[in-house]
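Residue numbers (our numbering), protein chains in the order written: chain A, 33 to 144; chain B, 30 to 145. Yeah, the Cβ is synthetic: ideal placement off N, Cα and C, and Gly gets one too. Keep in mind it's a predicted model, so treat the numbers as computed, not measured.
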Amino acid sequence: SQELEQSPQSLIVQEGKNLTINCTSSKTLYGLYWYKQKYGEGLIFLMMLQKGGEEKSHEKITAKLDEKKQQSSLHITASQPSHAGIYLCGADRWGGAQKLVFGQGTRLTINP
Amino acid sequence: GAGVSQTPSNKVTEKGKYVELRCDPISGHTALYWYRQSLGQGPEFLIYFQGTGAADDSGLPNDRFFAVRPEGSVSTLKIQRTERGDSAVYLCASSLKGEVLTGELFFGEGSRLTVL
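Here is the structure:
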């Protein structure tokens, strides 16, 4: 089984709708990272969460880390075509972020 | 350019051949990382450099894989006796040591390796 489980594996939503992607770890984390990847491109950093209960927002994307630091959710409000891509959560289990363990990714498609 | 540069972008080779993949990090970034991403999977850690030395090479799958960073800037990932299972996208990332706390790694676009 994966150290980090992302759900759903793929998601198709209508433009303008809200959506949520989840990332669950079997172990407590030092930090949880969200990245976005488009086909043929590298990963783009979205945000990092370290403290239990922490919530961060960037434009229409909000991410939360639960109190036990084992689960995170990424929420997109009023989705746009530019949000399409693969969302990856990465876990820092050792501190310092030198070595991240990634989930398998969630492929998001936005239909106009 | 200002970002992480990886060459070649695509490499097709035959089983058993030797391959080198190059990463040119953002100028001034002391930390450099190699990850490998197979189709439909998230990236998998291979090795991390702080300056010229490999601080953590625990992700290298076997002794056919080796990476160097002789001057603390450009890094080369070397794969000997390639196997079909080595086919993947090899991603390089860099960061300023101080920015590790922000969590932001700057990734290149990757080198897609296909072993026939």
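Discussion item. Is the separation between the beta-carbon of B:Q79 and that of B:T59 shorter than 8 Å?
Written reply: In the second sequence, counting from the first residue as 1, residue 79 of chain B sits at position 50. In the second sequence, counting from the first residue as 1, residue 59 of chain B sits at position 30. The answer is yes: Cβ separation under 8 Å.
Discussion item. Within 8 Å, do at least three Cβ pairs link the segment 47-67 of chain A to the segment 40-52 of chain B?
Written reply: At 8 Å Cβ cutoff, the stretches do not touch.
Worksheet item: Mind checking if B:D85 is an interface residue toward chain A, Cβ cutoff 8 Å exclusive?
Response: On the second sequence, position 56 is the one that residue 85 of chain B refers to. It does; some Cβ of chain A falls within 8 Å.
Worksheet item: Are the Cβ atoms of B:I76 and B:L89 separated by less than 8 Å?
Response: Counting from one through the second sequence, the residue named residue 76 of chain B turns up at place 47. Counting from one through the second sequence, the residue named residue 89 of chain B turns up at place 60. Yes, the pair counts as a contact, with Cβ atoms nearer than the cut-off.
Worksheet item: DSSP state of B:R98, grouped into three classes?
Response: If you number the second sequence from 1, residue 98 of chain B lands on position 69. Under the three-state reduction of DSSP, B:R98 is assigned to coil, being neither helix nor strand.
Discussion item. Let me see if you follow: with CB-CB separation under 8 Å, is B:G137 close to chain A or not?
Written reply: Within the second sequence, numbered from 1, the residue matching residue 137 of chain B stands at position 108. By this cut-off, B:G137 is an interface position.
Worksheet item: Any beta-carbon of chain B closer than 8 Å to the one on A:E87?
Response: As a first step, residue 87 of chain A must be located in the first sequence, where it is residue number 55. Contact of A:E87 with chain B is not assigned, every C-beta pair being separated by 8 Å or more.
Worksheet item: For A:K83, does the count of other Cβ atoms within 10 angstroms reach 16, so buried, or fall short, so exposed?
Response: Residue 83 of chain A sits at position 51 when you count from the first residue of the first sequence. Classification of A:K83: exposed, given that the 10 Å Cβ count is below 16.
Worksheet item: Which residue from A:T56, A:T141, A:I108 and A:D124 puts its Cα closest to that of A:M80?
Response: Against the first sequence, residue 80 of chain A aligns to sequence position 48. For A:M80, the nearest C-alpha among the options comes from A:D124.
Fill in: Test: A:G137 CB closer than 8 Å to a CB of chain B
Within the first sequence, the letter at position 105 stands for residue 137 of chain A. Proximity of A:G137 to chain B, defined by a Cβ-Cβ separation below 8 Å, is satisfied.
Worksheet item: Hey, how far is the Cα of B:N91 from the Cα of B:L106?
Response: Looking up residue 91 of chain B in the second sequence gives position 62. Looking up residue 106 of chain B in the second sequence gives position 77. Annotation: B:N91 to B:L106 spans about 13 Å, alpha carbon to alpha carbon.
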